[in-house]
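A.B. asks: Residue numbers (my numbering), protein chains in the order written: chain S, 12 to 322; chain F, 218 to 546. Ideal Cβ placement from N, Cα and C applies to all residues, glycine included. Nothing here was measured: the structure is a model prediction, and the numbers come from that model. Questions regarding the structure given below will be posed in turn.
Okay, structure coming up:
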């Protein structure tokens with residue numbers, strides 16, 4: 012009896028054995044140590060807004076340089092502060108900034124222009140190592156080709172067709188743009204605080220859950236996944252049922268004093284059961300408090316910082 | 218071992234790794250301590266192991282994400298390419314660049330053909346049938362450039378010369394180098410963009426040149442003494458940038474023995490180096506065009522320097538760096 016039940020649980024573990032090729036924006040890179048790790052690829056929207064920011068920065072740089080130029084000319088009372096010279100200098104500096112700003116910034120500041128840093132994007136090579144100067148300049152030069160026929164539609168088309176969402180410049184210079192930000196709140200503490208732990212007395216068979224099942228539950232409540240409550244309940248139902256059977260869990264019936272509450276909660280019953288399981292067997296809240304030194308939150312705080320700009 | 222016990226056992230290492238990584242990232246390489254470096258290597262490897270363990274046991278996406286992020290940062294930190302220099306090395310400009318260019322002889326020939334062909338044809342056309350040019354170019358623009366070189370206009374007073382020429386310097390850099398870089402990068406569209414840039418510029422230069430021939434007299438003399446010197450650098454640089462575009466296209470159209478993606482990346486780096494060399498040439502050309510070409514020295518002197526410059530540029534491209542070993546990018 013017990014073996015068949017555990018078999019049921021095995022079946023419910025998603026994708027056991029199959030390679031984890033999900034349809035999402037993650038790209039796997041293998042390290043020389045033989046470990047796979049993943050990058051999240053930045054989509055066109057984020058990259059477009061980084062580009063817009065960078066356009067603004069370019070204009071500001073040229074304006075700043077020009078202002079400095081004019082001020083210096085006046086300060087030293089140079090005779091040649093004619094409008095011709097200034098506009099010639101403006102064209103020259105616009106040329107330099109327009110063609111080289113992106114490449115130099117990415118090449119020298121570890122794959123980030125100002126706009127990319129603001130949006131927490133980074134250019135890396137497709138093997139995950141930092142981009143070199145030549146490739147950075149090249150991928151920015153090819154933006155001209157990606158722009159065609161109008162407003163980057165060519166580049167967008169190429170991005171849609173490639174797995175790493177690379178535009179032509181990325182393809183030619185072996186780079187990709189990754190997203191480094193994490194907007195996820197850590198594990199739904201507010202969700203867990205609403206439920207109470209499972210009691211030993213509630214479970215007739217056993218009081219334990221396999222680690223893999225726990226991780227499935229954790230994924231179900233991953234804040235990065237937007238699932239409606241109703242849909243989550245639908246997904247939770249088979250797993251909840253199997254798990255209840257496995258543990259011999261029996262929910263207490265309606266409280267005779269306040270039966271209304273029982274039936275109110277009945278709607279998301281499986282979700283609630285899985286949350287209780289998670290609260291009981293997964294890392295406890297106290298654990299999370301005292302592991303702040305090594306907890307994911309701490310990692311995120313560091314991660315948002317730029318990597319190599321101290322040099 | 219169960220999940221919580223594992224985390225409890227390992228989290229000190231993780232915290233230490235994070236602190237160490239952060240510290241090393243924000244100090245210069247020269248100041249790293251030997252013990253920090255070896256500790257870093259040890260911790261990185263152990264965290265790689267942690268990640269693969271957590272992956273294989275499916276111990277939750279959060280933990281996996283966290284370790285994944287640790288490994289990604291460490292990987293980015295440990296495996297890097299040598300820092301490139303901002304300035305092109307002198308040896309690249311003197312020998313490496315002509316050598317690289319000669320390696321891509323066919324691209325260079327194609328580019329020369331597409332630029333010089335329309336140029337010569339249109340020169341002939343405009344010189345022999347001046348009235349037919351109306352179909353090809355805006356007459357007003359053409360008239361303007363002819364007037365610019367007419368004896369009455371061409372005289373320049375010395376006082377405004379410097380500032381006016383500085384304006385033109387900015388204009389030449391922006392316009393000409395921009396054309397060259399565009400010719401290069403549009404090569405990514407299987408070479409079609411490059412061909413368009415080359416042919417259209419060949420046509421417009423040819424028509425101007427032919428019209429000058431047709432007008433004749435002092436105007437013609439002014440024009441050709443003006444263009445001959447910087448033309449040596451400018452026209453060759455445009456052709457070279459076109460060649461860079463075709464090298465780029467080579468990755469798409471004829472990948473050869475490589476997979477297409479490999480071919481793209483190989484041709485990308487080669488082509489970019491060629492294009493940057495062409496950019497440097499155009500910078501020099503803009504300087505000559507702005508300050509030397511319109512100067513008041515007699516035309517004969519300009520023709521002489523022009524001839525010398527052409528000879529120098531062509532022999533630099535044809536002979537410099539021969540016999541040495543070719544350097545790979």
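Along the beta strand (DSSP E) that carries residue 132 of chain S, what are the first and last residues, could you check?
C.D. replies: Looking at the DSSP string, the run of the beta strand (DSSP E) that includes residue 132 of chain S is 132–136.
A.B. asks: Does residue 361 of chain F pass the burial test, meaning 16 or more other C-beta atoms within 10 Å, or should it be called exposed?
C.D. replies: By the 10 Å Cβ count, residue 361 of chain F comes out exposed.
A.B. asks: For chain F, is any of its Cβ atoms less than 9 angstroms away from the one on residue 170 of chain S?
C.D. replies: Residue 170 of chain S does not count as touching chain F.
A.B. asks: How would you label residue 249 of chain F, buried or exposed, when you count the other beta carbons within 10 angstroms and need 16 or more for buried?
C.D. replies: Looking at its Cβ environment, which holds fewer than 16 other Cβ atoms inside 10 Å, residue 249 of chain F is exposed.
A.B. asks: For residue 335 of chain F, which beta-bridge partners are listed by DSSP?
C.D. replies: Beta-bridge pairing links residue 335 of chain F to no other residue.
A.B. asks: Who are the near neighbours of residue 328 of chain F in its chain, counting only those whose CB is closer than 7 angstroms to its CB and skipping five residues on each side?
C.D. replies: Excluding positions up to five away in sequence, the list reads 415, 456, 459, 460, 463.
A.B. asks: Let me know the secondary structure DSSP gives residue 300 of chain S once reduced to three states.
C.D. replies: Low local confidence applies: a pLDDT of 43 at residue 300 of chain S is under 50, so the model's placement there is unreliable, with the coordinate-based value given in what follows. Residue state, collapsed to three classes: helix.
A.B. asks: I want to see whether chain F comes within less than 9 angstroms of residue 322 of chain S, judged by CB atoms only; does it?
C.D. replies: Caution applies to residue 322 of chain S, whose pLDDT of 30 falls short of 50 and renders its modelled position unreliable; the model cannot decide the point.
A.B. asks: Residues of chain S with CB closer than 8 angstroms to the CB of residue 388 of chain F, please, in chain order.
C.D. replies: The contacting residues are 99, 102.
A.B. asks: Please tell me whether residue 60 of chain S and residue 167 of chain S are closer than 9 angstroms, where the distance is taken between their beta carbons.
C.D. replies: No, these two residues do not count as a Cβ contact at 9 angstroms.
A.B. asks: Residues in the same chain with beta-carbon distance under 7 angstroms from residue 273 of chain S, minus the five sequence neighbours each way, listed in chain order, please.
C.D. replies: Excluding residues within five positions, the ones whose Cβ falls inside 7 angstroms are 265, 266.
A.B. asks: Buried or exposed: where does residue 396 of chain F fall if 16 or more other Cβ atoms within 10 Å of its Cβ makes it buried?
C.D. replies: Burial call: buried.
A.B. asks: Since residue 10 of chain S is in the beta strand (DSSP E), which residue starts that stretch and which ends it?
C.D. replies: The displayed coordinates of chain S run from 12 to 322. Any statement about residue 10 of chain S would go beyond what the structure contains.
A.B. asks: Which residues in the same chain have their Cβ closer than 6 angstroms to the Cβ of residue 498 of chain F, if we skip the five residues on either side of it in sequence?
C.D. replies: Once the five neighbours on either side are set aside, the close Cβ partners of residue 498 of chain F are 450, 454.
A.B. asks: Which same chain residues, not among the five before or five after residue 69 of chain S, have their C-beta less than 6 angstroms away from its C-beta?
C.D. replies: Contacts found: 108, 112.
A.B. asks: Comparing the CB of residue 154 of chain S with every heavy atom of the ligand SAH, is any distance shorter than 8 angstroms?
C.D. replies: The model on display carries no ligand, and the ligand SAH is accordingly not part of it.
A.B. asks: Taking the alpha helix (DSSP H) that residue 314 of chain F falls in, what are its first and last residues?
C.D. replies: Per DSSP, residue 314 of chain F belongs to the alpha helix (DSSP H) from 314–320.
A.B. asks: Rounding to the nearest angstrom, what Cα-Cα distance links residue 39 of chain S and residue 253 of chain S in this structure?
C.D. replies: One C-alpha to the other measures close to 33 angstroms.
A.B. asks: Mind listing the chain F neighbours of residue 46 of chain S? Cutoff is C-beta to C-beta under 7 angstroms, in chain order.
C.D. replies: Result: 265, 268, 269, 288.
A.B. asks: Please list the terminal residues of the continuous alpha helix (DSSP H) segment that includes residue 49 of chain S.
C.D. replies: Not the alpha helix (DSSP H): residue 49 of chain S falls in the beta strand (DSSP E), residues 47–52.
A.B. asks: Looking at chain C, is there any beta carbon in it that lies within less than 9 angstroms of the beta carbon of residue 346 of chain F?
C.D. replies: Absent here is chain C; the protein component of the structure consists of chains S and F.
A.B. asks: Hey, how far is the Cα of residue 260 of chain F from the Cα of residue 175 of chain S?
C.D. replies: When rounded, the distance between both Cα atoms is 30 angstroms.
A.B. asks: Using 8 angstroms as the cut-off, can you tell me whether the segment 144–157 of chain S makes contact with the segment 69–83 of chain S, which would need three or more C-beta pairs spanning the two stretches below that distance?
C.D. replies: The segment 144–157 of chain S vs the segment 69–83 of chain S: no contact.
A.B. asks: Based on Cα-Cα distance, which residue from F:231, F:319, F:226 lies nearest to residue 283 of chain F?
C.D. replies: When each option's Cα is compared against that of residue 283 of chain F, the closest is F:231.
A.B. asks: Please report whether the beta-carbon of residue 492 of chain F lies at a distance below 9 angstroms from any beta-carbon of chain S.
C.D. replies: Yes, its Cβ sits closer than 9 angstroms to a Cβ of chain S.
A.B. asks: Mind checking if residue 512 of chain F is an interface residue toward chain S, Cβ cutoff 9 angstroms exclusive?
C.D. replies: Not one chain S Cβ lies under 9 angstroms of residue 512 of chain F.
A.B. asks: Measure the CB-CB distance between residue 136 of chain S and residue 188 of chain S and report whether it falls below 9 angstroms.
C.D. replies: The answer is no: Cβ separation not under 9 angstroms.
A.B. asks: Return the first residue and the last residue of the beta strand (DSSP E) that residue 41 of chain S is part of.
C.D. replies: Note, residue 41 of chain S: beta strand (DSSP E), 37–41.
A.B. asks: Which ranges would you report for the alpha helix (DSSP H) in the segment 470–530 of chain F if only whole runs of at least 4 residues count?
C.D. replies: You should have 477–504.
A.B. asks: For a cutoff of 9 angstroms on Cβ pairs, would you count residue 163 of chain S as touching chain F?
C.D. replies: For residue 163 of chain S, the answer is no, since every Cβ of chain F falls outside 9 angstroms of its Cβ.
A.B. asks: Determine the chain F residues that contact residue 95 of chain S at a beta-carbon separation under 7 angstroms, and present them in chain order.
C.D. replies: Residues of chain F passing the Cβ test: 380, 381, 383, 384.
A.B. asks: Determine the burial state of residue 265 of chain F: buried for a count of at least 16 other Cβ atoms within 10 Å of its Cβ, exposed for fewer.
C.D. replies: Buried, because 16 or more other Cβ atoms sit within 10 Å of the Cβ of residue 265 of chain F.
A.B. asks: So with Cβ pairs under 9 angstroms, would you call residue 62 of chain S a contact of chain F?
C.D. replies: Residue 62 of chain S does not count as touching chain F.
A.B. asks: Helix, strand or coil, according to DSSP, for residue 232 of chain S in the structure here?
C.D. replies: Note: residue 232 of chain S maps to coil in three-state DSSP.
A.B. asks: Quick one: does residue 70 of chain S have its CB under 9 angstroms from some CB of chain F?
C.D. replies: Answer no: the Cβ-Cβ gap between residue 70 of chain S and chain F never drops below 9 angstroms.
A.B. asks: Report, in whole angstroms, the separation of the C-beta atoms of residue 331 of chain F and residue 424 of chain F, which I expect to be a contact under 8 angstroms.
C.D. replies: Not quite, the Cβ-Cβ distance comes to about 16 angstroms (not below 8 angstroms), so this is no contact.
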